[in-house]
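Numbering (the numbering used here), first residue to last: 2 to 288. Glycine residues also receive a C-beta, built at the ideal position from the N, C-alpha and C atoms. Note that the coordinates shown come from a computational prediction; the quantities given were computed from them, not determined experimentally. Everything below concerns the one structure shown next.
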């Protein structure tokens, strides 16, 4: 017969410990999806509308002065803030100074061209064709006649700003027409974004260099007309990018597309910062 365990030495069987349940997993919200360019533009338009007419006018004047300044600087013409204000604002102190009237007239014509492409971009049923390229040039140079009489360049300029190879004069009309037809070709639109189409049209037109003067301005205005027509903001190439811009014209169109995309992003970022300042504590617009 088995001996019984002493009460003092016997151990009670321990009850099993309950298992600890793992804490519930904390769900981490994914980062917000970045807005597309189109979405950013739509939001900025809403904020600009809410900012009121006074801010809108100051913003537009500031944008135009910046646009004209940087675009002209790419062509080697650097305007002062006083010259820009005198041309943009008829009430500016220097607006009647005869010594700056020729410069002021250049600036005013450039702004008239900006107003033209903004307005024409909204008329989506109207074509962007060769006549529009000529119209843009004639706004900058009204002394050249009209669309029927305006002439492309007839020689290769000896003293020139851009050093890529220009198209022979007898090929200009055909090549310009080819560019404009390419921009509206269904296959082009199916396989390329508006930014790529606009950048390439500008790249090709400037390499042709159709006019004796201001072909660069005309090409960039055409580019921005295409961008505006598709709901994008203008691509304002900064004057500090001048050397890179020139090099891109001698090289690949892909580099030019990158410059254009960066210019759009920089423009959007500048407007967003300006609105943040205005919405918080007032605003200042400088060229």
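(Q) Just to confirm the assignment: which complete alpha helix (DSSP H) runs, minimum length 4, are found wholly within the region 112-168? (A) 131-141
Q | Nearest residue (CA-CA) to residue 74, options 275, 244, 36 | A | To locate residue 74, count along the chain shown from 1; it is residue 73. Checked all of 275, 244, 36; the closest Cα to residue 74 is 244.
Q) By a C-beta neighbour count over all protein chains shown, 10 Å radius and 16 as the cutoff for buried, is residue 234 buried or exposed? A) Translated into positions along the chain shown, residue 234 becomes position 233. So residue 234 ends up on the buried side.
(Q) Please report the distance separating the alpha-carbon of residue 336 from that of residue 271. (A) Residue 336 is absent from the model: the chain starts at 2 and stops at 288.
Q. Which ranges does the alpha helix (DSSP H) cover as unbroken runs of at least 4 residues, wholly within the region 25-94, from first to last along the chain?
A. 38-52, 54-75, 82-89
**Q.** Residues near residue 206 by beta carbon distance below 8 Å, same chain, minus five either side
**A.** The residue you call residue 206 lines up with position 205 of the chain shown. Counting only Cβ-Cβ distances below 8 Å, and skipping sequence neighbours, we find 134, 177, 180, 216, 219, 220, 223.
Q) Cβ atoms of residue 238 and residue 246: under 7 Å apart, would you say? A) Translated into the one-based positions of the chain shown, residue 246 becomes position 245. Translated into the one-based positions of the chain shown, residue 238 becomes position 237. Closer than 7 Å, so yes.
Q.
Rounding to the nearest angstrom, what Cα-Cα distance links residue 121 and residue 50 in this structure?
A. Within the chain shown, numbered from 1, the residue matching residue 121 stands at position 120. Within the chain shown, numbered from 1, the residue matching residue 50 stands at position 49. Those two C-alpha atoms are separated by around 21 Å.
**Q.** At least three beta-carbon pairs within less than 8 Å, the region 248-266 to the region 163-172
**A.** yes
**Q.** Nearest-angstrom Cα separation, counted from residue 70 out to residue 288
**A.** Numbered from 1 along the chain shown, position 287 holds the residue referred to as residue 288. Numbered from 1 along the chain shown, position 69 holds the residue referred to as residue 70. Residue placement at residue 288 cannot be trusted, given a pLDDT of 45 that sits under 50; what the coordinates show is reported in the next sentence. Taking the straight line joining both Cα atoms gives about 8 Å.
Q: Keeping to the same chain, check which residues put their C-beta closer than 6 Å to that of residue 268; ignore five residues upstream and five downstream.
A: Your numbering for residue 268 matches position 267 in the chain shown. For residue 268, where only same-chain residues beyond five positions count, the Cβ hits under 6 Å are 234, 237.
Q: Following the continuous alpha helix (DSSP H) through residue 1, name the residue where it begins and the one where it ends.
A: Given a span of 2 to 288 for the chain in the structure shown, any question on residue 1 remains unanswerable.
Q. Considering only residues of the same chain and omitting the five flanking positions on each side of residue 258, which have a CB-CB separation below 6 Å?
A. Looking up residue 258 in the chain shown gives position 257. Once the five neighbours on either side are set aside, the close Cβ partners of residue 258 are 197, 200.
Q. Which one of 110, 214, 274, 277 has the shortest CA to CA distance from residue 77?
A. Here residue 77 refers to the residue found at position 76 when the chain shown is read from its first residue. Taking only the C-alpha atoms, the option nearest residue 77 is 214.
Q: Give the DSSP-derived three-state secondary structure of residue 170 in the structure shown.
A: Here residue 170 is taken as the residue at index 169 of the chain shown, counted from 1. Residue state, collapsed to three classes: helix.
Q. With 16 other CB atoms within 10 Å as the buried threshold, where does residue 29 fall?
A. Mapped onto the chain shown, residue 29 falls at position 28. With fewer than 16 Cβ atoms within 10 Å of its Cβ, residue 29 is classed as exposed.
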